[in-house]
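Enquirer: Chain order of the listed sequences is A and B. 263 is the number that this note's numbering gives to position 263 of the first sequence; each next residue is one higher, with no gaps. For this note's numbering, add 299 to where a residue sits in the second sequence, where the first one is 1. The structure follows.
There are 2 protein chains.
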Amino acid sequence: MAGKLKIGKLVVIGVGLIGASFALALKRARAVRHVVGVGRTRRNLSAARRLKVIDEIQSDAGRAVRDADLVLLATPVGQMAAVMAAIAPHLPPHAVVTDGGSTKRDVLACARRFFPDARFRRFVPAHPISGTEKSGAAAGFPELYRDRCVILTPQPETDADALRLVKRAWTACGARVVTLDAEEHDGIFAAVSHLPHVVAFALVNSLARRRDAGRVLGFSGGGLQDTVRIAGSSPEMWADICVANRDVLLGALDDYEDALEEARAAIEQGDAEALKQLFESARTAREKWLLKKSAEPRG
Amino acid sequence: MAGKLKIGKLVVIGVGLIGASFALALKRARAVRHVVGVGRTRRNLSAARRLKVIDEIQSDAGRAVRDADLVLLATPVGQMAAVMAAIAPHLPPHAVVTDGGSTKRDVLACARRFFPDARFRRFVPAHPISGTEKSGAAAGFPELYRDRCVILTPQPETDADALRLVKRAWTACGARVVTLDAEEHDGIFAAVSHLPHVVAFALVNSLARRRDAGRVLGFSGGGLQDTVRIAGSSPEMWADICVANRDVLLGALDDYEDALEEARAAIEQGDAEALKQLFESARTAREKWLLKKSAEPRG
Numbered sequence: 001m002a003g004k005l006k007i008g009k010l011v012v013i014g015v016g017l018i019g020a021s022f023a024l025a026l027k028r029a030r031a032v033r034h035v036v037g038v039g040r041t042r043r044n045l046s047a048a049r050r051l052k053v054i055d056e057i058q059s060d061a062g063r064a065v066r067d068a069d070l071v072l073l074a075t076p077v078g079q080m081a082a083v084m085a086a087i088a089p090h091l092p093p094h095a096v097v098t099d100g101g102s103t104k105r106d107v108l109a110c111a112r113r114f115f116p117d118a119r120f121r122r123f124v125p126a127h128p129i130s131g132t133e134k135s136g137a138a139a140g141f142p143e144l145y146r147d148r149c150v151i152l153t154p155q156p157e158t159d160a161d162a163l164r165l166v167k168r169a170w171t172a173c174g175a176r177v178v179t180l181d182a183e184e185h186d187g188i189f190a191a192v193s194h195l196p197h198v199v200a201f202a203l204v205n206s207l208a209r210r211r212d213a214g215r216v217l218g219f220s221g222g223g224l225q226d227t228v229r230i231a232g233s234s235p236e237m238w239a240d241i242c243v244a245n246r247d248v249l250l251g252a253l254d255d256y257e258d259a260l261e262e263a264r265a266a267i268e269q270g271d272a273e274a275l276k277q278l279f280e281s282a283r284t285a286r287e288k289w290l291l292k293k294s295a296e297p298r299g
Numbered sequence: 300m301a302g303k304l305k306i307g308k309l310v311v312i313g314v315g316l317i318g319a320s321f322a323l324a325l326k327r328a329r330a331v332r333h334v335v336g337v338g339r340t341r342r343n344l345s346a347a348r349r350l351k352v353i354d355e356i357q358s359d360a361g362r363a364v365r366d367a368d369l370v371l372l373a374t375p376v377g378q379m380a381a382v383m384a385a386i387a388p389h390l391p392p393h394a395v396v397t398d399g400g401s402t403k404r405d406v407l408a409c410a411r412r413f414f415p416d417a418r419f420r421r422f423v424p425a426h427p428i429s430g431t432e433k434s435g436a437a438a439g440f441p442e443l444y445r446d447r448c449v450i451l452t453p454q455p456e457t458d459a460d461a462l463r464l465v466k467r468a469w470t471a472c473g474a475r476v477v478t479l480d481a482e483e484h485d486g487i488f489a490a491v492s493h494l495p496h497v498v499a500f501a502l503v504n505s506l507a508r509r510r511d512a513g514r515v516l517g518f519s520g521g522g523l524q525d526t527v528r529i530a531g532s533s534p535e536m537w538a539d540i541c542v543a544n545r546d547v548l549l550g551a552l553d554d555y556e557d558a559l560e561e562a563r564a565a566i567e568q569g570d571a572e573a574l575k576q577l578f579e580s581a582r583t584a585r586e587k588w589l590l591k592k593s594a595e596p597r598g
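Structure below.
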């Protein structure tokens, strides 16, 4: 870690909450000289430039990366293939590519497919465990990653210096970097992140479809509000994640549906004692988990 | 509403979050002279007295209510029958009884069963739409009901002056009082409150049962934490509520499981577009709901 991190040109492809916050955090750390934003909607890019998230707008991803030092792919994971195919022929040999995707096996498969071997070695898959239910460049803020965990899933062939650069960039954003196997990563996040999103979206849909939805929701309190906060997240991003990670997510859904059926059976049978025990075990597990998280915060 | 509300003796049966906060709020409003607490665990009652939530501990509910002016039943709803049976012979004719139960049809059925007609007329069913995931007297605080909604479900035979007293008491706690039909009340709260609790408890259980639960939960972020906050709620209280309201709750669970299956089918088929539309409709509904709530807050 000799000297201060200084990235000459950062290209952010997909200037949403994740990409914008990365750029802002590196700017605040004075770790980047020039930031180019690439995206699908001119309006969002213009907002990003106005908010000084990016310094320059480029509509063509291939042209944007030609003299890049670091490229962050921060699009929904469903677009990674197209973006990688578009930039692969234009990347200079030294450039390091990283991503912010919430699934890692699929992003790695895309990278293996579209990047030649020498290029693949300079691809460092990453997943910042941070976010809010908001989307778009205007939702970005430089503290998003402070004290949060960023998971890297480097491969055996990943260049050590590329890995080091990405680690330093995330560290400059205030994050703690953890390395995981891509398979384990996807299993973990199917359970603690993808499943809860599916649950929250489905819960809102079931309430919103009632004929008396307007009146009923008017009586809701903070409990429901917290439970479905993440149903405000980007539909496109989450649809892509769920499809990309579907094998393990379906397993997590199976487990959840089993737990739900158990509660349902106790309710049907009017068995308050059995239900109390189910709720008690959930409360105890939650308390243990929160205690552990407060003792050793990892984001 | 002539003059300032002054309750001589308030008896709180069940000095948990709801009962303790009611007593504290009335004390702060100087609307009560003496508060007696009745409960199952001496330890909790001692804490309540030490914290000046109550002025006196009574172990016998019947004896406690003998010269009561207002009695709040704030036990889990599963205990309402036993408590009503115990106090019915001892209540003075003028005393008004109210409750804080989250279900209203079952509490009303108990009251009809255990209170003679003249007594039933002075029973005013109430449900404060407020709470936290914490339980016990020590969790109580006088602001719990400020700007929150309290729902009353009076019956045709309810005495006007009893209803007025209960309205004034909740108003003195800072709450807004709304009147609803008991049946409609139970339908609404099955959807916006009871169902989300079942969902949150089941979600925690499905995660906690994994062999790798400790490691997996260590990687969770704020999303999961908010989604399952209410799984910290009192297991006994919520088991009672779910069983008491099971007919409508099972209907709400049906709707939810349908919505979940729809998402599951799209995930299984790898249909990101269909999934995106489901998530989009949830996000839109949530935004509309939040906008409406911020425009006309009702607790």
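For glycine and all other residues, C-beta sits at the position ideal for the given N, C-alpha and C. These figures come from a predicted structure and were not determined experimentally.
Give the residues from the stretch 190-213 of chain A that approach chain B closer than 9 Å (Cβ to any Cβ), ordered along the chain.
Expert: Against chain B - using a Cβ distance shorter than 9 Å - the residues of the stretch 190-213 of chain A are A191, V192, S193, L195, P196, H197, V198, V199, A200, F201, A202, L203, V204, N205, S206, L207, A208, R209, R210, D212, A213.
Enquirer: From the DSSP output, which residues share a beta bridge with F422 of chain B?
Expert: B:V396
Enquirer: Cβ of D99 of chain A less than 8 Å from any chain B Cβ?
Expert: no
Enquirer: When the Cα atoms are used, what is the spatial distance from I317 of chain B to E280 of chain A?
Expert: 20 Å
Enquirer: Using the Cα positions of L479 of chain B and A111 of chain A, report the straight-line distance between them to the nearest angstrom.
Expert: 59 Å
Enquirer: Are L325 of chain B and A436 of chain B closer than 8 Å when you measure CB to CB?
Expert: no
Enquirer: Check T179 of chain A in the structure and name its three-state DSSP category.
Expert: strand
Enquirer: Take the Cβ of S294 of chain A as the centre, count every other Cβ of all protein chains shown within 10 Å, and call the residue buried at 16 or more, exposed below.
Expert: Exposed, by the Cβ-count rule.
Enquirer: Round the Cβ separation of C541 of chain B and H493 of chain B to the nearest angstrom and send it over; I've been treating them as touching at under 8 Å.
Expert: 6 Å
Enquirer: Would F422 of chain B count as contacting chain A if we go by Cβ distances under 8 Å?
Expert: no
Enquirer: Can you tell me whether DSSP reads V91 of chain A as helix, strand or coil?
Expert: Sequence inspection shows Leu at residue 91 of chain A; the Val mentioned does not correspond to that position. Note: L91 of chain A maps to coil in three-state DSSP.
Enquirer: Keeping to the same chain, check which residues put their C-beta closer than 6 Å to that of H90 of chain A; ignore five residues upstream and five downstream.
Expert: Hits under 6 Å: G62, V65, R66.
Enquirer: What residues in the stretch 512-541 of chain B bring their beta carbon closer than 7 Å to a beta carbon of chain A?
Expert: V515, L516, G517, F518, S519, G520, G522, L523, D525, T526, V527, R528, I529, A530, G531, P534, E535, W537, A538, D539, C541
Enquirer: Select from A:R210, A:A29, A:L203 the residue whose C-alpha is nearest the C-alpha of R229 of chain A.
Expert: Out of A:R210, A:A29, A:L203, A:L203 has the C-alpha closest to the C-alpha of R229 of chain A.
Enquirer: Closer than 9 Å, Cβ to any Cβ of chain B: which residues of the stretch 273-297 of chain A, in chain order?
Expert: E273, A274, L275, K276, Q277, L278, F279, E280, S281, A282, R283, T284, A285, R286, E287, K288, W289, L290, K292, K293, E296
Enquirer: Could you check which residue in A:R40, A:F114, A:V166, A:E257 has the C-alpha nearest to that of G100 of chain A?
Expert: Ranking A:R40, A:F114, A:V166, A:E257 by Cα distance to G100 of chain A puts A:V166 first.
Enquirer: Can you find a C-beta in chain B that's less than 8 Å from the C-beta of P105 of chain A?
Expert: Inspection of the sequence shows that residue 105 of chain A is occupied by Arg rather than by Pro. It does not; no Cβ of chain B falls within 8 Å.
Enquirer: If you draw a straight line from the C-alpha of V248 of chain A to the C-alpha of D525 of chain B, how long is it?
Expert: 23 Å
Enquirer: What separation, rounded to the nearest whole angstrom, lies between the Cα atoms of K6 of chain A and R49 of chain A?
Expert: 21 Å
Enquirer: From B:G313, B:F500, B:E442, pick the residue whose C-alpha is nearest to that of M379 of chain B; which is it?
Expert: B:G313
Enquirer: Could you say if the stretch 124-138 of chain A and the stretch 208-224 of chain A meet the contact criterion of at least three C-beta pairs nearer than 8 Å?
Expert: By the Cβ criterion, the stretch 124-138 of chain A is not in contact with the stretch 208-224 of chain A, since fewer than three pairs of Cβ atoms, one from each stretch, lie closer than 8 Å.
Enquirer: Using the Cα positions of K575 of chain B and Q454 of chain B, report the straight-line distance between them to the nearest angstrom.
Expert: 46 Å
Enquirer: Can you name the residues of chain B whose CB is closer than 8 Å to the CB of L251 of chain A?
Expert: Note that residue 251 of chain A is Gly in the sequence shown, not Leu. Result: empty, since nearest Cβ-Cβ is about 10 Å, beyond 8 Å.
Enquirer: Are the C-beta of E567 of chain B and some C-beta of chain A separated by less than 8 Å?
Expert: Residue contact check for E567 of chain B against chain A: a CB pair falls below 8 Å.
Enquirer: Sort B:T457, B:Q357, B:E432, B:W469 by Cα distance to R445 of chain B and report the nearest one.
Expert: B:W469
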